[in-house]
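Notes for the one structure printed next.
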Amino acid sequence: MQVKAFTGNEFEGVVDLVGNLMDEHTRTVKIRVQVKNPEGKLRPGMFAEVEVMIPGQGRMTAVPRNAIMSDAGRNFVFQHWKEDLWVRRDVTVGSIHGDFAEILSGIPKGATIVTGGAFMLKSDILREKMGAGCAD
1 MQVKAFTGNE FEGVVDLVGN LMDEHTRTVK IRVQVKNPEG KLRPGMFAEV
51 EVMIPGQGRM TAVPRNAIMS DAGRNFVFQH WKEDLWVRRD VTVGSIHGDF
101 AEILSGIPKG ATIVTGGAFM LKSDILREKM GAGCAD
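In full-length UniProt numbering, the protein residues as written are 1 to 136.
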């Protein structure tokens with residue numbers, strides 16, 4: 001991990017807690033890391049850029065599990081297309097790590113996806129397909 005106050009210094013640690021809510025504007029999630037700090041440089045509340053390596057995995061694309069929807073046996077996410085439009089993208093899900101799922105294919109790195117309320121968006125689409133008056 002790197003802290004802007006100490007440019008060029010890297011600190012190693014172990015993630016022991018991952019938040020369950022991703023900020024939709026910054027695309028960040030809070031984590032707690034146990035870090036060796038023998039010189040006392042790091043202070044509580046400091047912000048850091050962290051690269052998380054999962055043993056044997058290397059780098060991966062991961063999304064919150066609740067962002068992944070299923071339909072007819074196929075997994076998908078809703079990816080931002082333009083303005084207020086979202087498109088369905090079929091994805092191949094790899095391993096599950098707590099509240100996150102590895103995405104093997106289907107969306108590009110850095111894509112903006114729906115991470116909260118995906119079920120509501122899916123329901124709206126299904127309602128449009130079935131017709132507004134089907135339950136009347």
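Note that CB positions come from ideal geometry on N, CA and C, so glycine has one too.
query: Are residue 67 and residue 113 close, meaning C-beta to C-beta below 8 Å?
result: yes
- prompt: Tell me the DSSP bridge mates of residue 93?
  reply: 103
- prompt: What do you get for residue 46, buried or exposed, if any count of 16 or more other CB atoms within 10 angstroms of its CB means buried?
  reply: So residue 46 ends up on the exposed side.
- request: Please work out which residues of its chain come closer than 6 Å, Cβ to Cβ, to residue 14, disregarding the five sequence neighbours upstream and downstream, and give them in chain order.
  value: 34
- prompt: Count the other CB atoms within 10 Å of the CB of residue 136; is the residue buried (16 or more) or exposed (fewer)?
  reply: Confidence at residue 136 is low in this model, with a pLDDT of 47, below 50, so the placement of that residue should be treated as unreliable; the coordinate-derived value is given next. Taking every protein chain shown into account, the CB of residue 136 has fewer than 16 other CB atoms within 10 angstroms, so this residue is exposed.
message: Can you look up residue 62 in the DSSP assignment and give me helix, strand or coil?
response: strand
field: Stretch-stretch touch, CB-based, cutoff 8 Å, three pairs: the region 102-110 with the region 71-90
entry: Three or more beta-carbon pairs separated by less than 8 Å link the region 102-110 to the region 71-90, which places the two stretches in contact.
task: Please say whether residue 22 and residue 115 have beta carbons closer to each other than 8 Å?
output: Taking 8 Å as the Cβ cut-off, residue 115 and residue 22 qualify as a contacting pair.
Paired residues, beta bridge with residue 23 - DSSP: 28
- request: Look at the Cβ atom of residue 30, then the Cβ atom of residue 19, and state whether they are nearer than 8 Å.
  value: In this structure, residue 19 lies closer than 8 Å to residue 30 by Cβ.
query: With a Cβ-Cβ cutoff of 8 Å, do residue 102 and residue 110 count as a contact?
result: no
message: Can you tell me where the beta strand (DSSP E) holding residue 79 begins and where it ends?
response: 74-82
- request: Output the distance between the C-alpha atoms of residue 96 and residue 17, rounded to the nearest integer angstrom.
  value: Residue 96 and residue 17 have their alpha carbons spaced roughly 16 Å apart.
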